[in-house]
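Chemist: Quick note: the sequence shown, position 210, residue 210 per the working numbering, numbers continuous.
Mind looking over this structure? Questions follow.
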Amino acid sequence: MKNSLLILLLVLALPAPAAAQERLMPLHTNAAVQQAWQHRSTRKSISLTDTLSLPFFDDFSLPTVYPDPHRWSDSNAYVNTTYGVDPPTLGVATLDAIDKTGALYPHARDFPFRADRLTSRPLDLRGTPVDGFFLSFFYQAKGIADPPEPEDSLCLDFWAPLQQRWITVWHSGGDTLSPDTVKPFRPVILPVADTAFLHKGFRFRFRNYASISPPQSDPGANGNCDQWNLDYVLLDRNRFAGDTVMHDVAIAAPLHSLLNTYQAMPWKQFRESFLSEMGDYLPLTYRNNDTVVRNVTREFVIEDLYQHKIVHSYTGGATNMPPLTTTTYNSTLIYTYDSPAPDSVVFRVRGYLISDDFDPKVNDTVTYYQVFKDYFAYDDGSAEAGYGISGTGTSNTAVALRFHSYRQDTLRGVRFYFNQAFQDANITSFNIGVWADDRGTPSDLLYMQYDVLPRYSDSINRFIEYRFDSVVVIPEGDFYVGWRQNSEVFLNVGFDLNLDHSDRLRFLFNGQWWPSSIRGTLMLRPVFGRKEVPSSVPLPAVAAWRPWRVYPLPAREEVRFDYRGEPPLPGTQYRLFDMTGRCVVNREGSLSRLPLPASLAGGLYLLVVTHHGQLLFRQRIPVIR
Numbered sequence: 001m002k003n004s005l006l007i008l009l010l011v012l013a014l015p016a017p018a019a020a021q022e023r024l025m026p027l028h029t030n031a032a033v034q035q036a037w038q039h040r041s042t043r044k045s046i047s048l049t050d051t052l053s054l055p056f057f058d059d060f061s062l063p064t065v066y067p068d069p070h071r072w073s074d075s076n077a078y079v080n081t082t083y084g085v086d087p088p089t090l091g092v093a094t095l096d097a098i099d100k101t102g103a104l105y106p107h108a109r110d111f112p113f114r115a116d117r118l119t120s121r122p123l124d125l126r127g128t129p130v131d132g133f134f135l136s137f138f139y140q141a142k143g144i145a146d147p148p149e150p151e152d153s154l155c156l157d158f159w160a161p162l163q164q165r166w167i168t169v170w171h172s173g174g175d176t177l178s179p180d181t182v183k184p185f186r187p188v189i190l191p192v193a194d195t196a197f198l199h200k201g202f203r204f205r206f207r208n209y210a211s212i213s214p215p216q217s218d219p220g221a222n223g224n225c226d227q228w229n230l231d232y233v234l235l236d237r238n239r240f241a242g243d244t245v246m247h248d249v250a251i252a253a254p255l256h257s258l259l260n261t262y263q264a265m266p267w268k269q270f271r272e273s274f275l276s277e278m279g280d281y282l283p284l285t286y287r288n289n290d291t292v293v294r295n296v297t298r299e300f301v302i303e304d305l306y307q308h309k310i311v312h313s314y315t316g317g318a319t320n321m322p323p324l325t326t327t328t329y330n331s332t333l334i335y336t337y338d339s340p341a342p343d344s345v346v347f348r349v350r351g352y353l354i355s356d357d358f359d360p361k362v363n364d365t366v367t368y369y370q371v372f373k374d375y376f377a378y379d380d381g382s383a384e385a386g387y388g389i390s391g392t393g394t395s396n397t398a399v400a401l402r403f404h405s406y407r408q409d410t411l412r413g414v415r416f417y418f419n420q421a422f423q424d425a426n427i428t429s430f431n432i433g434v435w436a437d438d439r440g441t442p443s444d445l446l447y448m449q450y451d452v453l454p455r456y457s458d459s460i461n462r463f464i465e466y467r468f469d470s471v472v473v474i475p476e477g478d479f480y481v482g483w484r485q486n487s488e489v490f491l492n493v494g495f496d497l498n499l500d501h502s503d504r505l506r507f508l509f510n511g512q513w514w515p516s517s518i519r520g521t522l523m524l525r526p527v528f529g530r531k532e533v534p535s536s537v538p539l540p541a542v543a544a545w546r547p548w549r550v551y552p553l554p555a556r557e558e559v560r561f562d563y564r565g566e567p568p569l570p571g572t573q574y575r576l577f578d579m580t581g582r583c584v585v586n587r588e589g590s591l592s593r594l595p596l597p598a599s600l601a602g603g604l605y606l607l608v609v610t611h612h613g614q615l616l617f618r619q620r621i622p623v624i625r
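Put into structure tokens, the structure is as follows:
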């Protein structure tokens, strides 16, 4: 099903918003690959005449984006730790519909087209069929992303050096999988026995056929699809047809934050909350890929990169691990991050295995960087899909993600991860909002920045920061950041499918906030100022950029303005917003009074006065009826 990542969900199956829909879209681009392409090395590439000797082995455990150029001659596959589900070892090579520049192939169609390739360097395979040359690998359709269609396929070709041609020796078709179905990695082993291949200059390559969604009314629905994941590729002599056992104990999953809630948070916020935020365990996931019991020792090291020193290390001891099993060892962590760093610090956390000498050592270590800077983050920095709200009547829909501040602090902006949509279909204005919390639901609007546009980043972190025109004082407790839509266009904000914080996500439709029903994490990060906020500073209800006065308060039928000698220029815009951020009054001119519609309900509103986009005045207006 081509749109398995295009999920149209009604929330909780209640009499919920029938027209508003939470949606996930497949990615139109791969930001990690885009940046790797833009920052690729200009050094001389390895010549195709350089011939490799056996054994040929790669399990894609190195933290790269492109395949290792010492083993592979092209850069189409995406090396990552996020798309595979329960791989034999940490890291996979993903073949999909996105090219080496990070964009959909220009010839992508809704019928099968030739997409990625993963081609080995030339190998010296001089010998005879009795030498037992075999190529083995593990593959998985779909993983965490989109399943290939039955008509799509993954193929393996062998290069016949003397004949100068590729010969297809194996292929696997796609499958009819539901969005929630994940098949395990499957082993394949093939003989390389034909004398056409047993020469110096032999190569092999994987390639896939993909097909994007049929044309739709929403061009943003077209995106990456038909993922195949590869792991543990091995070509060697003296093997046999049943030689699919990997005599190896290896790390099988990436590390994540050691904090209980966040992947990253401001350093001063952590110092206020270390007793509740610091986790009790350092989990390490590894797999015994052998068919016999293996003994393995677990070791852990934490380094303070501000001080350039190891601040904590300990052993998890040795254990006998059953064959063909994956284990997550929750090592007890008797440690709290501490550093003399004044406002930001990064800790490098490493877990590694000590096992038999014959094990490949490249896959025995995993590293995570625990960041304490100026922002909160729930996501791991990698988007596997795009999130948004679309449907009839969603031009005033809002989305809000809940965070918790452990101290009164100053919020100065929000970082968004926007996915680039097909034909830039998501370039439409929206408003950024900050809301207070009322028992798990967004309530009073604390701040709104109007008419901003999605932007994409070519920087390393891929997030775009939107600075507020004034700081917002956030008291200790829960608060929300998000956006209010000005149109029905799908905004396509990055969505992390590997971590689930959907319980903190809400969307507004028809005046009611609804909980999200899509598992994952919205990639949105509030950014705080570095200056301390004195504890005596109250949460301001008025932010006056002009010394004006508004009266009477509370208002009934109108509000009047006392400009105190600084009247606004013609063309000034007066807008009144309710506490969800919906504009209920919009007038332009140089007004002495602003009538309030008879239909306006009693409550608290926000008056915003601007001139050509410049903020002049803002104040909360209580209205009684």
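Don't be surprised by glycine CBs; every beta carbon is placed ideally from N, CA and C.
Can you say whether residue 535 is buried or exposed, counting buried as having 16 or more other CB atoms within 10 angstroms of its CB?
Modeler: Residue 535 sits at position 535 when you count from the first residue of the sequence shown. Interpretation of residue 535 is limited by its pLDDT of 38, a score under 50 that renders its predicted location unreliable; no figure is taken from the coordinates.
Chemist: Reducing DSSP to helix, strand and coil, say where residue 239 ends up.
Modeler: Here residue 239 corresponds to residue number 239 of the sequence shown, with the count starting at 1. Coil, per DSSP.
Chemist: From residue 347 to residue 87, what does the alpha carbon distance come to, in whole angstroms?
Modeler: Stepping through the sequence shown from its first residue, residue 347 is reached at position 347. Stepping through the sequence shown from its first residue, residue 87 is reached at position 87. Distance between the alpha carbons of residue 347 and residue 87 is about 27 Å.
Chemist: Between the alpha carbons of residue 533 and residue 404, how many angstroms are there, rounded?
Modeler: Counted from its first residue, the sequence shown places residue 533 at position 533. Counted from its first residue, the sequence shown places residue 404 at position 404. Bear in mind that a pLDDT of 41 at residue 533, under 50, signals an unreliable position, so the number given afterwards is only what the model happens to contain. Looking at the two C-alpha atoms, the distance is approximately 17 Å.
Chemist: Please look up how many angstroms separate the CB atoms of residue 372 and residue 267, rounded, as I've assumed it's under 8 Å.
Modeler: Translated into the one-based positions of the sequence shown, residue 372 becomes position 372. Translated into the one-based positions of the sequence shown, residue 267 becomes position 267. By a beta-carbon distance limit of 8 Å, residue 372 contacts residue 267. Their separation comes to about 4 Å.
Chemist: State the beta-bridge partners of residue 303 as determined by DSSP.
Modeler: Stepping through the sequence shown from its first residue, residue 303 is reached at position 303. Residue 303 pairs with 310, 348.
Chemist: Between the segment 279 to 297 and the segment 245 to 259, do three or more beta carbon pairs fall short of 8 Å?
Modeler: yes
Chemist: Where are the beta strand (DSSP E) runs, 3 residues long or more, that stay fully inside the segment 566 to 606, in chain order?
Modeler: 572 to 577, 583 to 589, 593 to 595
Chemist: Measure the alpha-carbon distance for residue 610 versus residue 617 and round it to whole angstroms.
Modeler: Taking the sequence shown and counting its residues from 1, the one referred to as residue 610 is at position 610. Taking the sequence shown and counting its residues from 1, the one referred to as residue 617 is at position 617. Their backbone Cα atoms lie some 7 Å apart in a straight line.
Chemist: Kindly list the residues whose CB is nearer than 6 Å to the CB of residue 303, restricted to its own chain and excluding five residues on each side of it in sequence; keep chain order.
Modeler: Locating residue 303 in the sequence shown gives position 303, counting from the first residue. Cβ within range, chain order: 310, 348.
Chemist: Tell whether a beta-carbon distance below 8 Å holds between residue 327 and residue 350.
Modeler: To locate residue 327, count along the sequence shown from 1; it is residue 327. To locate residue 350, count along the sequence shown from 1; it is residue 350. No; because the gap between Cβ atoms is not below 8 Å, this pair is not in contact.
Chemist: May I ask which residues mark the beginning and end of the alpha helix (DSSP H) holding residue 165?
Modeler: Working through the sequence shown from its first residue, we reach residue 165 at position 165. Taken as a continuous stretch (DSSP letters only), residue 165 belongs to no alpha helix (DSSP H), being part of the beta strand (DSSP E) at 165 to 173.
Chemist: Just verifying my parser: in three-state terms, what is the DSSP assignment at residue 273?
Modeler: Here residue 273 refers to the residue found at position 273 when the sequence shown is read from its first residue. Helix, per DSSP.
Chemist: Just how far apart, CA to CA, sit residue 313 and residue 324?
Modeler: What you label residue 313 is simply residue 313 of the sequence shown in a count that begins at 1. What you label residue 324 is simply residue 324 of the sequence shown in a count that begins at 1. C-alpha separation (whole angstroms): 29 Å.
Chemist: Let me know if residue 26 comes out buried or exposed under the rule of 16 or more other beta-carbons within 10 Å of its beta-carbon.
Modeler: Taking the first residue of the sequence shown as position 1, residue 26 is located at position 26. With 16 or more Cβ atoms within 10 Å of its Cβ, residue 26 is classed as buried.
Chemist: Answer with buried or exposed for residue 588, where buried requires no fewer than 16 other C-beta atoms within 10 angstroms of its C-beta.
Modeler: Position 588 of the sequence shown holds residue 588. When all chains shown are included, residue 588 counts as exposed.
Chemist: Just curious, the beta strand (DSSP E) that residue 400 is in, first and last residue?
Modeler: Looking up residue 400 in the sequence shown gives position 400. Residue 400 -> beta strand (DSSP E) spans 398 to 405.
Chemist: Under DSSP, the beta strand (DSSP E) around residue 115 begins and ends at which residues?
Modeler: As a working note, residue 115 is residue 115 in the sequence shown. Unbroken beta strand (DSSP E) run through residue 115: 113 to 119.
Chemist: What is the DSSP secondary structure of residue 131, reduced to helix, strand or coil?
Modeler: Taking the sequence shown and counting its residues from 1, one reaches residue 131 at position 131. In this structure, residue 131 counts as helix in the three-state DSSP scheme.
Chemist: Tell whether a beta-carbon distance below 8 Å holds between residue 419 and residue 29.
Modeler: Numbered from its first residue, the sequence shown carries residue 419 at position 419. Numbered from its first residue, the sequence shown carries residue 29 at position 29. The answer is yes: Cβ separation under 8 Å.
Chemist: Can you tell me where the alpha helix (DSSP H) with residue 292 in it begins and where it stops?
Modeler: Along the sequence shown, read from residue 1 onward, the residue named residue 292 stands at position 292. Looking at the DSSP string, residue 292 is not in any alpha helix (DSSP H), and its letter there is neither H nor E.
Chemist: Assuming residue 585 and residue 594 make a contact with CB atoms under 8 Å, what is their CB distance in whole Å?
Modeler: The residue labelled residue 585 in the question sits at position 585 within the sequence shown. The residue labelled residue 594 in the question sits at position 594 within the sequence shown. Yes, they are in contact, since the Cβ atoms of residue 585 and residue 594 sit about 7 Å apart, within 8 Å.
Chemist: Does residue 420 come out as helix, strand or coil in the three-state DSSP assignment?
Modeler: Numbered from its first residue, the sequence shown carries residue 420 at position 420. In this structure, residue 420 counts as coil in the three-state DSSP scheme.
Chemist: Can you tell me the Cα-Cα spacing of residue 64 and residue 79, whole angstroms?
Modeler: Counting from one through the sequence shown, the residue named residue 64 turns up at place 64. Counting from one through the sequence shown, the residue named residue 79 turns up at place 79. So the alpha carbons of these two residues sit roughly 6 Å apart.
Chemist: I'd like to know if the segment 158 to 173 and the segment 190 to 204 are in contact, where contact means that at least 3 CB-CB pairs between them fall below 8 Å.
Modeler: yes
Chemist: Which residues does DSSP pair with residue 331 in a beta bridge?
Modeler: Looking up residue 331 in the sequence shown gives position 331. According to DSSP, which records beta bridges pairwise, residue 331 is partnered with 282.
Chemist: Short of 8 Å in beta carbon distance, which residues of its chain neighbour residue 362, apart from the five on each side in sequence? Order them along the chain.
Modeler: As a first step, residue 362 must be located in the sequence shown, where it is residue number 362. Taken in chain order, the residues that qualify are 59, 61, 62.
Chemist: In the DSSP assignment, find the unbroken beta strand (DSSP E) run with residue 227 in it and report its ends.
Modeler: Start at 1 with the first residue of the sequence shown, and residue 227 comes out as number 227. No beta strand (DSSP E) contains residue 227, which DSSP labels as neither H nor E.
Chemist: Are three or more beta carbon pairs between the segment 403 to 417 and the segment 118 to 136 nearer than 8 Å?
Modeler: no
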